[in-house]
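Structure first, then comments.
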Amino acid sequence: RAGARVPAFALPDTRSKLVSLDHLLGAGPVVLNFLRGSWCAFGEESLAQLAATHERIVAAGAAAFSIAPPSPLPAPGKP
1 RAGARVPAFA LPDTRSKLVS LDHLLGAGPV VLNFLRGSWC AFGEESLAQL AATHERIVAA
61 GAAAFSIAPP SPLPAPGKP
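Right under this line is the structure:
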């Protein structure tokens, strides 16, 4: 739910570097956006809304991150 506290976690970013919530919180407040995957229209809409409010989030002194399941790797020879 919005405003709820999440348990501590560490997840790989898009470059496979492990990122922990505790580390992010060390720099200030964090807004998390959870996505089910690129196939989900609701998730795409929520990501667009996050992008639209990103400047206000940063101006308020917070950072914004989206969390989504890993994308499948393309088959060899396919884009």
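In terms of this note's numbering, the sequence shown opens at residue 1 and continues consecutively. C-beta: ideal position from N, C-alpha, C; glycine also. Everything numeric in this text was worked out from a predicted model, so none of it was measured.
Using the DSSP secondary-structure output, state which residues sit across from residue i in a beta bridge.
i	result
Ala-51	Beta-bridge pairing links Ala-51 to no other residue.
Ala-10	Ser-20
Trp-67	It should be noted that the sequence gives Ile, not Trp, for residue 67. Looking at the DSSP assignment, Ile-67 forms a beta bridge with Phe-34.
In chain order, what residues of the same chain have a beta carbon less than 7 Å from the beta carbon of residue i, not counting five sequence neighbours either side?
i	result
Asp-22	Ala-8
Asp-13	Val-19
Ala-52	none
So, residue i versus residue j, is the Cβ gap smaller than 8 Å?
i	j	result
Gly-28	Pro-69	no
Val-6	Leu-32	yes
Gly-43	Leu-35	yes
Does any residue of chain C have a CB that is nearer than 8 Å to the CB of residue i?
i	result
Leu-11	The structure shown contains no chain C; it is built from a single protein chain.
Jot down the residue ranges of each uninterrupted beta strand (DSSP E) in the stretch 17 to 48, minimum 3 residues, whole runs only, in chain order.
18 to 20, 30 to 34
Should the stretch 16 to 32 be called in touch with the stretch 54 to 65, which here means at least 3 C-beta pairs below 8 Å?
Remark: three or more beta-carbon pairs, one from each stretch, lie closer than 8 Å, so the stretch 16 to 32 and the stretch 54 to 65 are flagged as touching.
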